[in-house]
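Residue numbers (my numbering): -3 to 305.
Heads up, the beta-carbon is just placed ideally off N, CA and C, and yes, glycines get one too.
Below is one structure; the comments refer to it alone.
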């Protein structure tokens, strides 16, 4: 597969025309609006984890789109929420930083879900960069677009969107049309990264994310939201990578649930995570998972920083 990360950018821009465009686009929206699904669709690969549960994304995920006339660095951000503890405050700060760095902002939302809050609308009005509204999941309500369009217009009154598209990130409907418009809004300039680089993040970052994705898929209630994943050691080999990871939880009872009776739950988790990791790295993986308790880590600025947020 393409390289996830490269230490050096391609400085030779002589092969690119004066009409080439390159820049940054930030993907904004409520939790579970389809931000990560959109990024994966645009890149044609499973880069950003996506599950049916809200607030799956915690980090700002960088994905780099390439074609013959443009390069766009996408920031997939955590869902817009009103933060109540240290981890959420850090997540929302990362959203603001991403908007500050972007050339274009994309706001994606599901009109069958609750409409954006007053706080979210106020957040959008704060920024002066060009914005595109993406009304997502049109495949689920194609016969209701006309009736929903008026509600959309009323709710976003006063927000200066340059363009609006009704899309399906999952099915790809109208995504190409939106992408064509987005490229026209990106500044002229040479590529920022080599053409085979998919992200600014190293492979071990995505390995941790794939483990966390399985926590969301296999456990219910507060368990996945209470976990962090750390890669303690990553040994690259020619035919197999050896990965040693820790799952951090809030309390002892959560540790027991993740391990399961006679280790059955963590075994299932490891098998599924290893399959996703092997698909990512294109070779075999050995995965060693351990569970550790850090009491109320999400409320601690120190632990939040230590776990990479």
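- Apart from sequence neighbours up to five positions away, the residues of its chain that approach residue 241 with a beta-carbon distance below 8 Å are 203, 204, 207, 225, 226, 227, 228, 283, 284, 285 and 286, ordered along the chain.
- Contact annotation, residue 71 with residue 38: C-beta distance approximately 12 Å; criterion of less than 8 Å not satisfied.
- Its chain contains 211 and 212 as the residues whose beta carbon lies nearer than 6 Å to that of residue 220, once the 5 sequence neighbours on both sides are disregarded; these appear in chain order.
- With a threshold of 16 other beta carbon atoms within 10 Å, residue 258 falls short and is exposed.
- Boundaries of the beta strand (DSSP E) harbouring residue 241: 236 to 245, taken from the DSSP string.
- Setting aside the 5 residues that flank it on each side, residue 135 is surrounded in the same chain by 164, 166, 167 and 169, each with a C-beta closer than 8 Å to its C-beta; the list follows chain order.
- Contact annotation: residue 83 and residue 24 have beta-carbon atoms that are not nearer than 8 Å.
- Under DSSP, residue 154 forms no beta bridge with any residue.
- Around the CB of residue 300, 16 or more other CB atoms lie within 10 Å, so the residue is classed as buried.
- Within the same chain, 95 come within 6 Å of residue 123 by CB-CB distance, once the 5 residues on both sides are set aside.
- Between residue 34 and residue 104, the gap from beta carbon to beta carbon is short of 8 Å.
- Just so you know, the alpha carbons of residue 108 and residue 247 end up roughly 36 Å apart.
- Taking C-beta separations shorter than 8 Å and ignoring five residues to either side along the sequence, the partners of residue 280 in its chain run 235, 236, 237 and 274, following chain order.
- The straight-line gap separating the alpha-carbon atoms of residue 304 and residue 59 is approximately 18 Å.
- Taking 8 Å as the upper bound for CB-CB distance, residue 288 and residue 244 are in contact here, some 6 Å apart.
- The residue from 200, 253, 260 and 215 with its alpha-carbon nearest to that of residue 231 is 200.
- When the five nearest sequence neighbours on each side are left out, the beta carbons in the same chain lying within less than 8 Å of the beta carbon of residue 93 are those of 56, in order along the chain.
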